[in-house]
Amino acid sequence: MAKFKLAVAPTFKAKVAFPVHGGESVELNFEFKHRTRDQLAELMKGIEKRKDVDLMEDILAGWELDDPFGKESIELLCQNFAGAPREIFGTYITEITQAKRGN
14 MAKFKLAVAP TFKAKVAFPV HGGESVELNF EFKHRTRDQL AELMKGIEKR
64 KDVDLMEDIL AGWELDDPFG KESIELLCQN FAGAPREIFG TYITEITQAK
114 RGN
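Anchor point for the sequence shown: position 6 equals 19 in my numbering, and the numbering is continuous, going up by one each time.
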């Protein structure tokens, strides 16, 4: 039987695909911050009023890009690739709620 632990790592990694100019898409590895159920509920309060860059800063812990990870780079990502925040957040929610689990 596989070992199961109730304690989880503070971060986890997942691939995110998002559209780029010219009709293409790119798939990148992001590192996300883990949240408990209560912490996730708190994050969701007033989410529609938040700026993308602030939300990305709250859920991301890093990425596999040559560009350094930080608020300035997150702002560039959000400004230059308008579809990225939606896809990043969607992947985060799917991963943290284990929504993609199948048979």
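Here a beta-carbon is modelled for each residue, glycine too, at the ideal position from N, C-alpha and C.
- With 16 or more other CB atoms across the displayed protein chains lying within 10 angstroms of its CB, Phe43 is buried.
- Under the criterion of beta carbons closer than 8 Å, Ala74 and Lys46 qualify as touching, at roughly 5 Å.
- In terms of Cα proximity to Val39, the closest of Thr107, Ile109, Ile101, Ile106 is Ile101.
- If you draw a straight line from the Cα of Pro81 to the Cα of Glu108, it is about 24 Å long.
- Nearest neighbour of Glu77 by Cα position, chosen from Thr49, Val29, Ala20, Lys16, turns out to be Val29.
- Rounded to whole angstroms, the Cβ separation of Ile60 and Tyr105 is 12 Å, and the two are not in contact under 8 Å.
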